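Heads up: the sequence shown is residues 4 to 203, going by the working numbering.
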Amino acid sequence: MREFRQNGNIVYSEQTIAKTKSKNCKEGFDLHVYPVTGVTENSNGKWDCAIYSANMAPISRGHLTLNSANPLEQPIIDQGYLNDSEDKDIEILMEGLVLSREISHQKDISELIGNELIETSRIVSLDDIRKLALHYYHPVGTCKMGPESDSNAVVDNMGKVHGVDNLYVIDASIMPNVPRGNTNIPVAMVAERLVSTLTK
4 MREFRQNGNI VYSEQTIAKT KSKNCKEGFD LHVYPVTGVT ENSNGKWDCA
54 IYSANMAPIS RGHLTLNSAN PLEQPIIDQG YLNDSEDKDI EILMEGLVLS
104 REISHQKDIS ELIGNELIET SRIVSLDDIR KLALHYYHPV GTCKMGPESD
154 SNAVVDNMGK VHGVDNLYVI DASIMPNVPR GNTNIPVAMV AERLVSTLTK
């Protein structure tokens, strides 16, 4: 009940996530479609329902640059959202939007949630999505794991920083790709595996 009240009457853990494939998906799934419902400060006491979609296998890549030699200074982070040259990432989000609308138009669902808001009904193009897309809280890869021959790799398969003695990184930043789900369990598993090996 405490979580229910703190989140504006939305219990996020009770929501459902559909995992599906886009036309470009070669294995597993690459698209999350999920509803979020609840009373928000802008809903005048009524329940709102939003159906989001998320690209779970993005091709786009960002980069991190040091601001200075001062380790306490914040780095410059460019997330690189939707910057793949073939627009595959944004096409996946468009497929998710189409699927979200198909779901919301199902008779039994549309009777409960009503019509799409005017604001979101205007989202019809890849450019519209590019302007409005948000992150999905799964940042990884700023210290990518890989061999020294990979110019983008920062650490080896044990989390050791290339070219630096006794310096290891063991967190989500070493994942070379975004997991197709929440990052917390993969981070725990990576930490368990590497720490147990390093402390033997």
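Glycine residues also receive a C-beta, built at the ideal position from the N, C-alpha and C atoms.
Since this is a predicted model, take the numbers as computed values, not measurements.
Where DSSP assigns a beta bridge to valine 190, which residues make up the other side?
Beta-bridge pairing links valine 190 to no other residue.
Lysine 163 burial status per 10 Å Cβ neighbour count (16 or more: buried):
buried
Bridge-paired residues (DSSP) for leucine 1
Not covered by the structure: residue 1. The range shown for the chain is 4 to 203.
Where the beta strand (DSSP E) containing leucine 100 begins and where it ends
Leucine 100 -> not in any beta strand (DSSP E); alpha helix (DSSP H) instead, spanning 91-107.
Asparagine 58 burial status per 10 Å Cβ neighbour count (16 or more: buried)
Its Cβ being crowded by 16 or more others within 10 Å, asparagine 58 is buried.
Using a Cβ-Cβ cutoff of less than 8 Å, which residues in the same chain neighbour leucine 34 once the five nearest sequence positions on both sides are dropped?
Lys22, Thr23, Lys24, Ser25, Cys28, Ser56, Ala57, Asn58, Met59, Ile95, Glu98, Gly99, Leu102
Using beta-carbon positions only, say whether cysteine 146 and isoleucine 173 come within less than 7 Å of one another.
no
Report all residues from its chain with a CB closer than 7 Å to the CB of cysteine 52; omit the five preceding and five following residues, and keep chain order.
Pro38, Thr40, Ile116
I'd like the ranges of any beta strand (DSSP E) spanning at least 3 consecutive residues and lying wholly in the stretch 27-97.
34-42, 50-58, 66-68, 79-81
Is valine 158 helix, strand or coil when you go by DSSP?
Shown here, valine 158 sits in a strand according to DSSP, grouped into three states.
When the Cα atoms are used, what is the spatial distance from leucine 129 to aspartate 92?
10 Å
Quick check: what's the CA-CA separation for asparagine 180 versus valine 143?
7 Å
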